[in-house]
Every structure is written in C-alpha cells, then in structure tokens.
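Peer 1: Per my numbering, the very first residue in the sequence shown carries number 19; after that it's consecutive. Glycine residues also receive a C-beta, built at the ideal position from the N, C-alpha and C atoms.
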Amino acid sequence: MLIAMAGLPGAGKSTIAEVLGGRLNATVVTVDPIESAILEAGIDSDQPTGLAAYLVAEKLAEFVLSAGHHVIVDAVNAVEPAREQWVKLAQREGETLRFIEVVCSDPELHRQRLEARNRNLPHVAEPTWHAVEQSLDEYDSWTGPSAVIARITLDSVNPLGVNVEAALAFLNG
C-alpha cells in the first residue's frame, strides 16, 4: 500500500506518519530531509530542489513498493500535480493508494507547534507562520485524479492516539 500524507507545514503529518510507520511496519519517506541533502550536496537553492526532492521520494517509494513493503510518503502535497504523482506511482505499481490529510483547526496551536519545532535540517529553513498562512492560499482543493482516491482528513487538535486509530481504521477499511 502507498500512503501519501498531505497538509501544511507544522500541521502534524510527520508525527502521525512516524507512528503509522511503526504500527504498519511501513517505510516512511520524508521529502524535507531529501531536499536538505540535495542542498548539502551543493545544489543552489535557486534551483527546483523541492521538485527534485519529490522526484527522489517517488523513486525511493517505488523501490520500497516493488520490494513488497508498505510506504508512507511524508510531504505537503499541497498542489494537484504533487498528489497526481502518487496516483500515477500507485497505478504503475498496481498498489492501493490512500491519502491522509492532516489539518490543525486551531491556528494558534498550529503556530505554536510550527514555531517550537526543530527538525535538525541544516539546509532547509523552518517555514515561518507568515509563509504557512500564504501557502494556505496556494493549497489546491482536492480535484482531479487525487479527488477520486480514498482520503481521510485528521485534525491534529485531537490527541495523537485518536488520530492514529482513525487513520488505521481508514487504512484497514
């Protein structure tokens, strides 16, 4: 199974992905550390390093799926072309695809989490709250190929355990 996370930075998707990975014995492929490594290699930040990171994540996910394992892709997936990338991968590999979108309905809590996090990615700056607010304006509605794929939306104001159990029920249902 291919599971693609989606949601704004700081919403809580990485935390849920990590717990789900452990519970499902699934490989978690996270885009931001890949981008950090690309930048560490000396690729200029004015290059499309974000796109490159998504493409590397896709290849890693493809490799894991072809080996017969579940994979969780941890990425913002804010726009339809990014989501369609996972639709096409699942189709090529003949795998089930599930989207797990994570939101935080409490803007103050979301901001606190964002400002408190330190992911130890020296080449990728943590987004500011202002940047997250701006990216909300650019967040595509769920249309196109990704709209027909099963998706659950989890609100990270709920306890982590509640969200994990809801995700597992969704994935097993």
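Applying the 10 Å Cβ sphere with the 16-neighbour rule, what's the burial state of glycine 30?
Peer 2: Classification of glycine 30: buried, given that the 10 Å Cβ count is 16 or more.
Peer 1: In whole angstroms, what separates the C-alpha of glycine 28 from that of valine 74?
Peer 2: Distance between the alpha carbons of glycine 28 and valine 74 is about 22 Å.
Peer 1: Below 8 Å on the Cβ atoms is my guess for serine 32 versus threonine 48; work out the distance and round it to an integer in Å.
Peer 2: About 7 Å separates the two Cβ atoms, so the contact holds.
Peer 1: Compute the Euclidean distance between the alpha carbons of glutamate 144 and glycine 40, then round it to the nearest angstrom.
Peer 2: Distance between the alpha carbons of glutamate 144 and glycine 40 is about 25 Å.
Peer 1: Runs of 3 residues minimum, wholly inside the stretch 112–191: which ones carry the beta strand (DSSP E) assignment?
Peer 2: With a minimum length of 3 residues, the continuous beta strand (DSSP E) runs that stay inside the stretch 112–191 are 115–121 and 169–173.
Peer 1: Kindly indicate the opening and closing residues of the alpha helix (DSSP H) around proline 24.
Peer 2: Inspection of the sequence shows that residue 24 is occupied by alanine rather than by proline. Segment 20–24 is the beta strand (DSSP E) holding alanine 24; no alpha helix (DSSP H) there.
Peer 1: Tell me the rounded alpha-carbon separation between glycine 25 and proline 177.
Peer 2: Cα to Cα, glycine 25 sits roughly 17 Å from proline 177.
Peer 1: Please report the Cβ distance between alanine 96 and aspartate 158, rounded to the nearest whole angstrom; I am assuming they are in contact, meaning their Cβ atoms lie under 8 Å.
Peer 2: Sure, about 6 Å apart at Cβ, within 8 Å.
Peer 1: I'd like the list of long-range same chain contacts for arginine 131, defined as Cβ closer than 6 Å, with 5 residues on each side in sequence excluded.
Peer 2: Cβ neighbours of arginine 131 beyond the five flanking positions: Gly28.
Peer 1: Which residues in the same chain have their Cβ closer than 7 Å to the Cβ of arginine 169, if we skip the five residues on either side of it in sequence?
Peer 2: Only Phe117, Glu119 and Trp160 meet the Cβ criterion.
Peer 1: Who are the Cβ neighbours of valine 82 in its own chain at under 6 Å, not counting the five residues just before and after it?
Peer 2: Answer for valine 82: Thr45 and Val89, listed in chain order.
Peer 1: Find out if the Cβ-Cβ distance for the pair alanine 185, leucine 38 is shorter than 8 Å.
Peer 2: Yes, the Cβ-Cβ distance between alanine 185 and leucine 38 is below 8 Å.
Peer 1: Between the Cα of leucine 78 and those of Glu98, Arg129 and Leu107, spot the shortest distance and give me the residue it belongs to.
Peer 2: The candidate whose alpha carbon is nearest that of leucine 78 is Leu107.
Peer 1: Helix, strand or coil, according to DSSP, for aspartate 62 in the structure here?
Peer 2: Correct three-state label for aspartate 62: coil.
Peer 1: What is the residue span of the alpha helix (DSSP H) that valine 74 lies within?
Peer 2: Counting along the chain, the alpha helix (DSSP H) containing valine 74 begins and ends at 67–84.
Peer 1: For tryptophan 104, collect the residues of the same chain with a Cβ closer than 7 Å to its Cβ; drop the 5 residues on either side in sequence, then sort them by chain order.
Peer 2: Within the same chain, tryptophan 104 has close Cβ partners Leu20, Ala22, Val91 and Leu115.
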